[in-house]
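Peer 1: In this note's numbering, the protein residues as written are 1002 to 1129. Could you have a look at this structure, given as structure tokens, before my questions?
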């Protein structure tokens, strides 16, 4: 088990190192087209909806929630306000696409240690 973990850790660290070395020509997608967010300092805004009105269900038959990716526009010389700029973009997009009363935003620096935290938050809000 320890050996498997060490091998896994080496593979993950190799992927992280590879991802940090951005090619001069930028990233490409599997079909060879240019990735829409090639430059971390100069790229257009992007909205991708992975799950929407498709009526997709999980293995228990529960309808899956909307799942989307939002990337704010970034330009040289333009203050994009880092995470709060992304949150503003997420709120605007969510209002147009779903008009939902709840938005769950998870960033790479977030960790959820209680799988019931979201449900408890929604339930406590309903009681107010």
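Note that beta-carbon positions come from the ideal geometry of N, C-alpha and C, so glycine has one too.
Taking the continuous beta strand (DSSP E) assigned at residue 1113, which residues delimit it?
Peer 2: Locating residue 1113 in the chain shown gives position 112, where the first residue counts as 1. Careful: residue 1113 lies outside any beta strand (DSSP E) and carries neither H nor E.
Peer 1: Along the alpha helix (DSSP H) that carries residue 1006, what are the first and last residues, could you check?
Peer 2: Here residue 1006 corresponds to residue number 5 of the chain shown, with the count starting at 1. Residue 1006 -> alpha helix (DSSP H) spans 1003-1021.
Peer 1: Take residue 1069 and list the residues in its own chain whose beta-carbon comes closer than 6 Å to its own, dropping the five residues that flank it on each side.
Peer 2: One-based indexing of the chain shown puts residue 1069 at position 68. Excluding positions up to five away in sequence, the list reads 1050.
Peer 1: I'd like the span of the beta strand (DSSP E) that includes residue 1047, first residue to last.
Peer 2: What you label residue 1047 is simply residue 46 of the chain shown in a count that begins at 1. From DSSP, the beta strand (DSSP E) with residue 1047 extends over 1047-1052.
Peer 1: Where does the unbroken beta strand (DSSP E) through residue 1070 begin, and where does it stop?
Peer 2: Taking the chain shown and counting its residues from 1, the one referred to as residue 1070 is at position 69. 1068-1072 is the extent of the beta strand (DSSP E) around residue 1070.
Peer 1: Would residue 1071 pass as a contact of residue 1094 if the rule is Cβ separation under 7 Å?
Peer 2: Stepping through the chain shown from its first residue, residue 1071 is reached at position 70. Stepping through the chain shown from its first residue, residue 1094 is reached at position 93. In contact: residue 1071 and residue 1094 (Cβ atoms closer than 7 Å).
Peer 1: On the criterion of 16 or more Cβ atoms from any shown chain inside 10 Å, does residue 1090 qualify as buried, or is it exposed?
Peer 2: Along the chain shown, one-based indexing puts residue 1090 at 89. Under this definition residue 1090 is a buried residue.
Peer 1: Assuming residue 1075 and residue 1110 make a contact with CB atoms under 8 Å, what is their CB distance in whole Å?
Peer 2: Here residue 1075 refers to the residue found at position 74 when the chain shown is read from its first residue. Here residue 1110 refers to the residue found at position 109 when the chain shown is read from its first residue. Contact doesn't hold; Cβ gap of about 18 Å is too wide.
Peer 1: Any idea which residues DSSP pairs residue 1035 with across the strands?
Peer 2: Residue 1035 sits at position 34 when you count from the first residue of the chain shown. DSSP output for residue 1035 lists 1029 as bridge partner(s).
Peer 1: CB-CB under 7 Å to residue 1048, same chain, minus the five flanking residues each way: which ones, in chain order?
Peer 2: The residue you call residue 1048 lines up with position 47 of the chain shown. Answer for residue 1048: 1069, 1071 and 1094, listed in chain order.
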